[in-house]
Structures are given as C-alpha cells and as structure tokens.
Amino acid sequence: MILIIDFGSQYNQLIARRVREHHVYCQIEPPDIDIEKIKSLHPEGIILSGGPASIYENSSPKVDKGIFDLGIPVLGICYGMQYTVDALGGEVIGAEKREYGFAELSIKDPSGIFYGIEKETRCWMSHGDSAGRLPKGFKVTASTPNTAIAAVENSEKRFYGLQFHPEVIHTPQGKKMMGNFLFRICKCRKSWTMKSFIREATEEIRSQVGNGHVILGLSGGVDSSVAALLLHRAVGNHLTCVFVDNGLLRQGEAKRVRDLFRRYFKVNLRFVDARRQFLQELKGVLDPERKRRIIGRIFVDVFEREARNIEGAGFLAQGTLYPDIIESRSAFGGPSAVIKTHHNVGGLPRKMKLKLIEPLKHLFKDEVRLLGKELGLPDDLIWRQPFPGPGLAVRIIGEVSASRLALLRKVDTILLEEIKAHNLYRSLWQSFAILLPLKSVGIMGDQRTYENIVAIRAVTSEDAMTADWAKLPHILLARISNRIINEVRGVNRVVYDISSKPPSTIEWE
Ligand code: XMP
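Heads up: take any position in the sequence shown, counting from 1, add 39, and you land on this note's numbering.
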C-alpha cells in the first residue's frame, strides 16, 4: 500500500485516484499521524501531498520527520517537496508571486521518476514558494523556464520531489510518472482489484461479526445496496436489511428494491410500510426544514423499532464512502462536512449502542460502482442518479399529500423515460421534476384550464458541491413538456430551471 499524507491540497483525493487507477491500494492520512501507526501500515511508499500553506508559516502542517528514516521511498508533491527539502536541511525560497498554470518541463535525468518520458513535456504548476538550496545527496532532475528546480531526487535514499502536480490531467505524462514511482521505485504490485477487495473485505467482516448479527438500512441507492450485497456475501443470514417505505419514493421503487433483494439476492429483508405515518405527520407542513426534520425523526423511530425486534443485532452497517470520511476530518475543513450532516440521518449508532460497520469506507464512488457490478447488481441500479433521503417531499413545494405525490410520480416517470430514451441519464448528475404550489391558466381543446405547474431540473456535476444546469436539447425539452401536459391530468404548464449551484441548490427545498 501507499500512504498519502494530506497536507491539505485540493488535489489530494486525485492523488489517491491516480494510485488506485494503477491498481495499488492507498490510504490518505492526516499529517499528525503517529510514526508507529505509519510503521504498522507497512507502506511500500509515502506520498506527501501539496497544500495551501507556506513552509514559513508557524502553523504549516508537518509530519513526523521519522518518515525519512524508514528506508521507504518518499515522493513530495508541491508543498510536499518543499517540506522534504526543508526537513532534510535544504532551503525553500519564499515567493513574491505565485506560478499558476501550464509550464514546459525540461527533463535532465530520465532514469528515476521520469523513466520513458520525453525530455520536453508539459506540466501543471500551482505554487508560491520553491526549492532553493538542496539537501545533501539531492540533485535537480527537471526544470521549467520559471522554476529552475522543478523536480529533485536523492536516488540513493529514494526520495523524490515534484514542484508541479502529476496528479492532474493537465500534466499529460503525470500518470506515467506516478506509475514509475509506484512500480519502478516502490516496487508495488498491481493487487488492488475489486475481486481482491471483496476477498479481503468479506474476511474482515466475518472476523469482526463472528456469530453476531448485522442490520443495515437499505435505501435502494447505490451505496447501501452495494454494502448490503457485500455483507450478505460475508455473513449471509446474519444480515438483516431494513427498508422503510416512507411513501415518498418514485414510481415502483419500493417494489423494485423488494423484488431485487428478497427474491433475487435472497437477502433477509424487513420491509416496513410506514407510508401512513409519514403522510400523516407531514400534513399541513409547509416549511422545508420542518419537513426534513419530521422525515428524519420518523425514519429513526421506525428503524429503531424494527431493529429492536431483530434478535441479537449487535452491528449496524452503513454505506459510508471514502470522500465522506476524508472531508469530515480534513484539517482544512471545507463546508462539505456541515452540508452532509444536514443531509444524512444521524444518531442511530449512538442511541442504539450498535457497533458500526462501514465496509465501503475506503472506496470512491466509481469503485463502489465497480464493486456493485462485481457483486451482480444490475446496471440500472449501479448507475442510478442520487435521490435525496426525504424523497419527493422536498420536490413538492408546499404541503405533501397523497394526491400531489401521485401526480409528481407520473411526471417524474415521463421525465426519466425521455431522459433515458435520449441517452442522457448517465451523463446528468440528476434530472427530476418539482411540483409547485401554483396554478396557471391554460387552454385545452376549447376549455379554459386552471392547473398545476411543474418545473424540470437537470444538472451536471462532479460531486454535487457545485452544479450547472444542463443544456438539454430543445427538442427533448419540447417532448418532455408535451408528454407531461398531455398525459398527466392536473398539469398545464412546464418550466425549465436554469439556475446553477451556487447560488441555487440542486433540490428546491
Ligand atoms: P443540494 O440540494 O444541497 O443537494 O444542492 C446536493 C445533493 O444532495 C442530495 N440531497 C440529499 N441526499 N439526503 C440525502 O441523502 C438528503 O436529505 C438530501 N438533500 C439533498 C441532492 O439530491 C443532491 O444530489
């Protein structure tokens, strides 16, 4: 495995992605990680990430210098290189101005990290400080017109430094450089595959659970579904999944999940029909945050009640992913952690005194999809667009009622049929409809109508933190509008949402 020390770079997850794309397992850890813990991880190599700090700031992040005495190769990227130079007795020069963007890299020594790479290539720079005097045993291996010391190495100790960012796509040979570090320098093997992951994860789950019993809240989304199948593979009947039908799901969704997991995968599934309770408590509620709180609370109640009836349940499994974990503990924070707690149903483990199992906590979303495929999940579930916990309730502005839910489901079904028919489903982050608490005048046949308005929202995004409204073809918009107005009684107007996030959010409530 490769250990990545997180000095706070916006690119540190990309470094991890690049390493894993080479089928080498890696883990990101904060700089204050204990040296003993590092030793216990037995890394084949250590990568020090970039970061926004300057080595000259008192508060700049530091990792135990003992890493340079372990006899393990170290690759410092940007701040990580400056840290290496400084820590080993060299000198870093404070910059007057930042260098940002493409630079032409001239390689002087193509033997180490630059093996097999053309002498002149492009790289992506984003730094202020740079290396000045080098520590003993180091030499310069590449430079750019603005940065004389763009790459360094101490080949005897196997320490390498890159001032630029090999992990971003703007450094076209970056992947190859990472490969050289992993295979030529660290001698890693390509052992990180989903098959090997399944083998190791199931063994670990088995030894953790022993003869105990695991419960898992199944939502029908990708993460909880994959977690369910992985656990099922590991402990079989010692897993019980709980699916709460809150009545706020899409057309046919509850039945689909039930059929797939119960009939097809033969997973123990408790199917709780709580539709009445949710609807009743949402009666008369207009405020979006109140809606969310009510839904969250009922979910916890229902889930707890159900879980108590499951004999001997000692573990709670969740489909938490790696980015959630890194973001919530990152030394440099970021607003994401706050937004997530708002979105997720928390509080279960603490209240229920169950031990937590998070078998996907080292995986990225696309790895979870690969894993799902390996475990036999159907494509349409693997590629499902995200669907919010509070479901259609946050897509019905104003009061949620059975009739408004039924209306929105019909609209939503048509929308998705058309998006899929135009082959856009996967390239859109989300596409959905919102029912507005407004009526407008229309004409149908010779009759005046006074009916509901629905809005269509379709966005592209990488991670839901920012999103752009999708430029859907007019011909598709026309067809969606036409079908909805013709086929769904009670709608006489369709509008398209052309706002990006920020300043708007993806969901309307
Ligand atoms: P916003 O509306 O904040 O949404 O731009 C960002 C992403 O999060 C999803 N979302 C939720 N997911 N529980 C969830 O599991 C929630 O309460 C929730 N609210 C929003 C939203 O669909 C989008 O993908």
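All C-beta atoms, glycine included, are put in the ideal place defined by N, C-alpha and C.
All of these numbers come straight from a predicted model, not from anything done at the bench.
Where does residue i land, buried or exposed, given buried means 16+ other C-beta within 10 angstroms?
i, result
"residue 486", "exposed"
"residue 47", "buried"
"residue 95", "exposed"
"residue 480", "exposed"
"residue 483", "exposed"
"residue 504", "exposed"
"residue 221", "buried"
"residue 131", "buried"
"residue 513", "exposed"
"residue 451", "buried"
"residue 376", "Since pLDDT at residue 376 reaches only 31, below the 50 mark, its modelled position is unreliable, and the value read off the structure follows with that caveat. Result: exposed."
"residue 477", "exposed"
"residue 330", "buried"
"residue 218", "buried"
"residue 537", "exposed"
Which residue from the options puts its Cα closest to that of residue i?
i, options, result
"residue 216", "129, 329, 205", "205"
"residue 3", "393, 265, 519", "A query on residue 3 cannot be resolved here, the shown segment of the chain reaching from 40 to 548 and no further."
"residue 304", "280, 288, 58", "280"
"residue 600", "82, 330, 198, 318", "Any question about residue 600 goes unanswered here, given that the chain covers just 40 to 548."
"residue 277", "61, 411, 244", "244"
"residue 100", "528, 309, 85, 121", "121"
"residue 209", "239, 162, 233, 190", "162"
"residue 170", "117, 233, 219, 164", "117"
"residue 64", "85, 70, 73, 72", "85"
"residue 291", "474, 455, 502", "455"
"residue 415", "234, 426, 517, 352", "234"
"residue 226", "151, 102, 534, 239", "151"
"residue 418", "140, 464, 272, 98", "464"
"residue 242", "398, 548, 442", "398"
Is residue i near the ligand XMP, judged by its Cβ being under 7 Å from some heavy atom?
i, result
"residue 428", "yes"
"residue 331", "yes"
"residue 546", "yes"
"residue 52", "no"
"residue 357", "no"
"residue 82", "no"
"residue 362", "no"
"residue 503", "yes"
"residue 542", "no"
"residue 319", "no"
"residue 425", "yes"
"residue 469", "yes"
Would residue i and residue j qualify as a contact pair, given that the criterion is a beta-carbon distance under 8 Å?
i, j, result
"residue 532", "residue 492", "yes"
"residue 324", "residue 438", "yes"
"residue 447", "residue 458", "no"
"residue 470", "residue 506", "no"
"residue 356", "residue 270", "yes"
"residue 340", "residue 311", "no"
"residue 41", "residue 83", "yes"
"residue 110", "residue 175", "no"
"residue 230", "residue 62", "yes"
"residue 186", "residue 138", "yes"
"residue 188", "residue 112", "no"
"residue 421", "residue 261", "yes"
"residue 282", "residue 302", "no"
"residue 494", "residue 472", "yes"
"residue 288", "residue 430", "yes"
"residue 530", "residue 490", "yes"
"residue 192", "residue 183", "no"
"residue 524", "residue 475", "no"
"residue 165", "residue 119", "no"
Sorted by chain position, which residues of the same chain lie with C-beta nearer than 7 Å to residue i's C-beta, five sequence neighbours on each side aside?
i, result
"residue 67", "43, 45, 51, 55, 365"
"residue 77", "42, 106"
"residue 232", "62"
"residue 381", "Here residue 381 scores only 39 on pLDDT, less than 50, and its place in the model should not be relied on; the value that follows carries that caveat. Excluding residues within five positions, none has a Cβ falling inside 7 Å."
"residue 168", "93, 94, 121, 131, 132, 133, 134"
"residue 333", "320, 321, 324"
"residue 349", "252, 254, 279"
Could you pull out every residue in the same chain whose Cβ sits closer than 8 Å to the Cβ of residue i, ignoring the five residues on either side in sequence?
i, result
"residue 354", "247, 248, 251, 252, 253, 254, 393, 394, 395, 396"
"residue 149", "155, 156, 158"
"residue 337", "285, 313, 316, 317, 320"
"residue 403", "52, 55, 56, 59, 360, 361, 362"
"residue 526", "449, 453"
"residue 136", "167"
"residue 385", "Here residue 385 scores only 45 on pLDDT, less than 50, and its place in the model should not be relied on; the value that follows carries that caveat. For residue 385, where only same-chain residues beyond five positions count, there are no Cβ hits under 8 Å."
For residue i, collect the residues of the same chain with a Cβ closer than 6 Å to its Cβ; drop the 5 residues on either side in sequence, then sort them by chain order.
i, result
"residue 263", "257, 358"
"residue 383", "Note on residue 383: pLDDT 47, under 50, position unreliable in the model; no value is reported."
"residue 160", "144, 212"
"residue 371", "The predicted model places residue 371 with a pLDDT of 40, which falls under 50 and marks its position as unreliable, so this point remains unresolved."
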